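Residues 1 to 277, numbered by the UniProt record's numbering, are exactly what the sequence shown covers, in order.
For each residue, glycine too, the CB sits at the ideal point set by N, CA and C.
Nothing here was measured: the structure is a model prediction, and the numbers come from that model.
All remarks here apply to the structure that follows.
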Amino acid sequence: MNFMYLAHNYLTNFEDKVLPLLLQYGTKVLMSLLMFFIGRLLIKKVIGLMHSKMKLESIDPDVQPFLASLVRAALNIMLVLSCAGILGIETSSFIAALGAAGLAIGLALQGSLSNFAGGVLILVFKPFRVGELITVHGYTGYVESIQIFNTVISTTSHRTIILPNGSLSTSPVVNISRKGVIRLDMQFQVAMSNDIDVTRKAIKDVISECSFVQKDKNNDVLVGRLTDSAIVWEVKLWVNATDLDKTQYFMNEHIKKQFDSVGIQFPDPVITVKSIG
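Spelled out as structure tokens, the structure:
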């Protein structure tokens with residue numbers, strides 16, 4: 001008799017108290033689990049599509065895993081917070097804690113994070129690549145390596161320059177190598193007494209002897225301006241970016257030799273004397 005009474009009370013309590021709770025929270029748990037598994041499948045699909053897109057866009061292989069991991073982590077955090085919200089767990093405190101932690105870490109590592117972000121931008125958008133000749137922050141050199149915090153360039157005088165990516169990603173960069181063939185602008189001054197046609201022929205003879213100059217392009221030899229004592233010649237040559245220095249050295253040396261051989265005079269220095277009083 002007592003057993004039947006206890007069983008009746010148990011069933012009554014189960015129907016009145018436990019069953020409503022199971023129906024209420026069990027539904028939420030099932031919905032949360034369902035959303036979690038569906039979300040995981042969607043995240044996997046998104047990351048796969050992201051990998052395919054990055055390969056099509058020729059994004060640097062070194063940065064692809066990092067970007068994929070970053071997106072995966074962000075999506076997983078959003079998924080967990082969404083599942084917690086379905087269960088009725090207050091997520092605002094978690095979001096606030098994550099925000100406070102992110103702010104503290106960002107303030108502590110402000111410079112490093114700036115360089116890190118700059119490195120990612122350089123690797124993704126490729127304003128320059130390894131092996132290219134660039135001018136930045138007053139330095140001209142070949143890019144040796146693009147690291148996640150710094151970029152290393154080697155100058156033409158074989159000096160190693162290490163530049164932080166944070167400032168590098170926001171500074172004007174002259175990419176000398178990107179076009180392959182570039183124009184070298186040079187100026188030469190001769191005395192006003194020299195014949196223009198003779199001087200032009202002398203300069204063109206030197207250009208024809210220079211193996212670095214692209215002969216199939218329009219290389220100009222122009223009278224740039226006239227001063228009180230000199231004719232300023234502007235010489236515009238098309239050369240490979242890698243031959244820039246060699247062309248300049250060749251032209252300077254052989255222009256002097258050619259001018260000496262045909263009797264072209266350089267202008268004398270002009271000294272202006274002002275009287276005081």
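State the Cα-Cα distance for the pair residue 201 and residue 221, rounded to the nearest angstrom.
Indexing the sequence shown from 1 puts residue 201 at position 201. Indexing the sequence shown from 1 puts residue 221 at position 221. Residue 201 and residue 221: Cα-Cα distance of roughly 9 Å.
For residue 114, which of helix, strand or coil comes out of DSSP?
Mapped onto the sequence shown, residue 114 falls at position 114. Three-state result, residue 114: helix.
For residue 40, the three-state DSSP class (helix, strand or coil)
The count along the sequence shown starts at 1 and reaches residue 40 at position 40. Helix, per DSSP.
Look at residue 258 and residue 216 and say whether their C-beta atoms are less than 8 Å apart.
Taking the first residue of the sequence shown as 1, we reach residue 258 at position 258. Taking the first residue of the sequence shown as 1, we reach residue 216 at position 216. No, these two residues do not count as a Cβ contact at 8 Å.
Name, in chain order, the residues that DSSP records as bridge partners for residue 236.
Stepping through the sequence shown from its first residue, residue 236 is reached at position 236. Answer by DSSP bridge pairing, in chain order: 185 and 220.
Please name the residue in 229, 166 and 157 whose C-alpha comes closest to that of residue 146.
Taking the first residue of the sequence shown as 1, we reach residue 146 at position 146. 166 is the residue among 229, 166 and 157 whose C-alpha sits nearest the C-alpha of residue 146.
Compute the Euclidean distance between the alpha carbons of residue 117 and residue 264, then round it to the nearest angstrom.
Reading the sequence shown from its first residue, position 117 is the one you call residue 117. Reading the sequence shown from its first residue, position 264 is the one you call residue 264. Going by the C-alpha atoms only, they are around 56 Å apart.
Would you kindly work out how many angstroms separate the C-alpha atoms of residue 82 and residue 113, rounded to a whole number?
By 1-based counting over the sequence shown, the position of residue 82 is 82. By 1-based counting over the sequence shown, the position of residue 113 is 113. Going by the C-alpha atoms only, they are around 28 Å apart.
Report the partner residues of residue 135 according to the DSSP bridge assignment.
Here residue 135 is taken as the residue at index 135 of the sequence shown, counted from 1. Under DSSP, residue 135 takes part in a beta bridge, and its partners are 140 and 174.
Would you identify the three-state DSSP class for residue 72, choosing helix, strand or coil?
On the sequence shown, residue 72 is found 72 positions in, with the first residue counted as 1. For residue 72, the three-state secondary structure derived from DSSP is helix.
What do you get for residue 239, buried or exposed, if any count of 16 or more other CB atoms within 10 angstroms of its CB means buried?
As a first step, residue 239 is located in the sequence shown; it is residue number 239 there, counting from the start. Burial state of residue 239 is buried, judged by a 10 Å Cβ sphere holding 16 or more other Cβ atoms.
For residue 160, name the three-state secondary structure that DSSP assigns.
By 1-based counting over the sequence shown, the position of residue 160 is 160. DSSP places residue 160 within a strand segment (E or B) once states are collapsed to three.
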